[in-house]
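Peer 1: There's a structure below that I have some questions on.
Residue numbers (this note's numbering): 72 to 228.
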């Protein structure tokens, strides 16, 4: 999404006083990957249009999503190290509950320690470390291995 479109995005849907999540104008559907629907939120510093990154929820089930994960996030390099991905995931929890999702997967590259720590701080157990088949590596930005975490958000989580 261009900087101009981000600048004119809607009001925040979720906020914790430090960051705001604003629904993007992007279409998350991707039938080839098995993503039947979803949401992408831009992460801004609260009350500003200072773009920090994004967080996405991908709805569906498929072999590609097994390696890609239901939740994905990216934080701008200049904004890393402040826990914004963790905060963004926590802000999406009411949405997950509203969608009656009891658990979602989050994957991280084996060498991406900040993302793995985000999953651990969310309370996600490491389900497994899996080899990404060559057919799905393009979807996973070339990753050969993925850590699969499961975030339980429903009743009894």
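Glycine is no exception: its CB is placed at the ideal position from the N, C-alpha and C atoms.
Which first and last residues belong to the alpha helix (DSSP H) in which residue 202 is found?
Peer 2: Segment 197 to 202 is the beta strand (DSSP E) holding residue 202; no alpha helix (DSSP H) there.
Peer 1: What runs of the alpha helix (DSSP H), each 4 residues or longer, lie entirely inside the region 110 to 197?
Peer 2: The region 110 to 197 contains these whole alpha helix (DSSP H) runs: 134 to 139, 155 to 169, 184 to 193.
Peer 1: Excluding the five sequence neighbours on either side, which residues of its own chain have a C-beta within less than 6 Å of the C-beta of residue 135, listed in chain order?
Peer 2: Closer than 6 Å at the Cβ level, and outside the excluded window around residue 135, lie 104, 105, 207, 210.
Peer 1: Short of 7 Å in beta carbon distance, which residues of its chain neighbour residue 202, apart from the five on each side in sequence? Order them along the chain.
Peer 2: So the qualifying residues of the chain are 215, 216.
Peer 1: Would you please state the rounded distance, in angstroms, between the beta carbons of residue 89 and residue 117? I believe it to be under 8 Å.
Peer 2: The pair is a contact, with the Cβ atoms about 5 Å apart (cut-off 8 Å).
Peer 1: Grab me the residues of residue 199's own chain with a C-beta within less than 6 Å of its C-beta, minus the 5 sequence neighbours each way, in chain order.
Peer 2: Within the same chain, residue 199 has close Cβ partners 219.
Peer 1: Which value, in whole angstroms, describes the spacing of the CA atoms of residue 222 and residue 191?
Peer 2: Taking the straight line from one Cα to the other gives about 10 Å.
Peer 1: Can a CB atom of chain D be found closer than 9 Å to the CB of residue 170?
Peer 2: Note that chain D does not occur in the displayed structure, where there is just one protein chain.
Peer 1: Considering Cα atoms alone, identify which of 138, 155, 131 is closest to residue 86.
Peer 2: Residue 155 is the option with its Cα nearest to residue 86.
Peer 1: Helix, strand or coil, according to DSSP, for residue 218 in the structure here?
Peer 2: Note: residue 218 maps to strand in three-state DSSP.
Peer 1: Please report the straight-line C-alpha distance between residue 234 and residue 164, rounded to a whole angstrom.
Peer 2: Because the chain is modelled from 72 through 228, residue 234 falls outside the range shown and cannot be assessed.
Peer 1: Give the DSSP bridge partners of residue 91, in chain order.
Peer 2: Paired residue(s): 86, 115.
Peer 1: How about residue 189 and residue 157: do their beta carbons lie closer than 9 Å?
Peer 2: Yes, the Cβ-Cβ distance between residue 189 and residue 157 is below 9 Å.
Peer 1: Using a Cβ-Cβ cut-off of 8 Å (strictly less than) and excluding sequence neighbours within five positions of residue 82, which residues of its own chain qualify?
Peer 2: 93.
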